[in-house]
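J.:
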Amino acid sequence: MSAQSVDPTDQTGQERWSVRVGEHCIGSGMCVALDPEHFSLENGRARTEGAQVTPDQRYIDAADTCPAAAITVTDADGTELAPT
392 MSAQSVDPTD QTGQERWSVR VGEHCIGSGM CVALDPEHFS LENGRARTEG AQVTPDQRYI
452 DAADTCPAAA ITVTDADGTE LAPT
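Here the sequence shown is numbered in my numbering, starting from 392 and rising by one per residue.
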């Protein structure tokens, strides 16, 4: 798999965050209950609306409440914001 450069901003110049759900997701649904606008369950695993997202505290909250610590949120510089 080759590395790709991802623009850390959207077309308006707003910063983007990276949100990833790891393979160790247990499908508890906590993220969906907390933020159904941005998370869903598919085949027993959590999914997000996309890998690059507009910053929103709900992503941090979902990552911090995930019982499997399967959700990771990083900023444009690659600094991990959650889970804490």
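Glycine included, every Cβ here is placed at the ideal spot set by N, Cα and C. Just so we're clear, the structure is a prediction, and the values are computed from it rather than from any experiment.
(1) Pick helix, strand or coil for Arg438, following the three-state DSSP scheme.
(2) According to DSSP, which residues form a beta bridge with Ser409?
(3) Quick one: Cα of Ala467 to Cα of Glu433, how far?
(4) Can you name the start and end residues of the alpha helix (DSSP H) that Ala454 belongs to?
(5) Comparing C-alpha positions only, which one of Thr445, Gly469, Ala473 sits nearest to Ala453?
(6) Could you please give the first and the last residue of the uninterrupted beta strand (DSSP E) stretch that includes Ala459?
(7) Please say whether Val412 and Arg436 have beta carbons closer to each other than 8 angstroms?
T.: Taking the coordinates as given:
(1) Here residue 438 corresponds to residue number 47 of the sequence shown, with the count starting at 1. In the structure shown, Arg438 sits in a strand (DSSP, three-state: E or B).
(2) Residue mapping note: residue 409 aligns to position 18 of the sequence shown, counting from 1. The partner list for Ser409 (beta bridge, DSSP) reads Gln443, Thr465.
(3) Locating residue 467 in the sequence shown gives position 76, counting from the first residue. Locating residue 433 in the sequence shown gives position 42, counting from the first residue. Straight-line Cα distance between these residues: approximately 27 angstroms.
(4) In the sequence shown, residue 454 corresponds to position 63, counting from 1. Here the alpha helix (DSSP H) through Ala454 covers 448-456.
(5) Counting from 1 along the sequence shown, the entry for residue 453 is found at position 62. It is Ala473.
(6) Counting from one through the sequence shown, the residue named residue 459 turns up at place 68. Taken as a continuous stretch (DSSP letters only), Ala459 belongs to no beta strand (DSSP E), as it is neither H nor E.
(7) The count along the sequence shown starts at 1 and reaches residue 436 at position 45. The count along the sequence shown starts at 1 and reaches residue 412 at position 21. Going by C-beta atoms, Arg436 is nearer than 8 angstroms to Val412.
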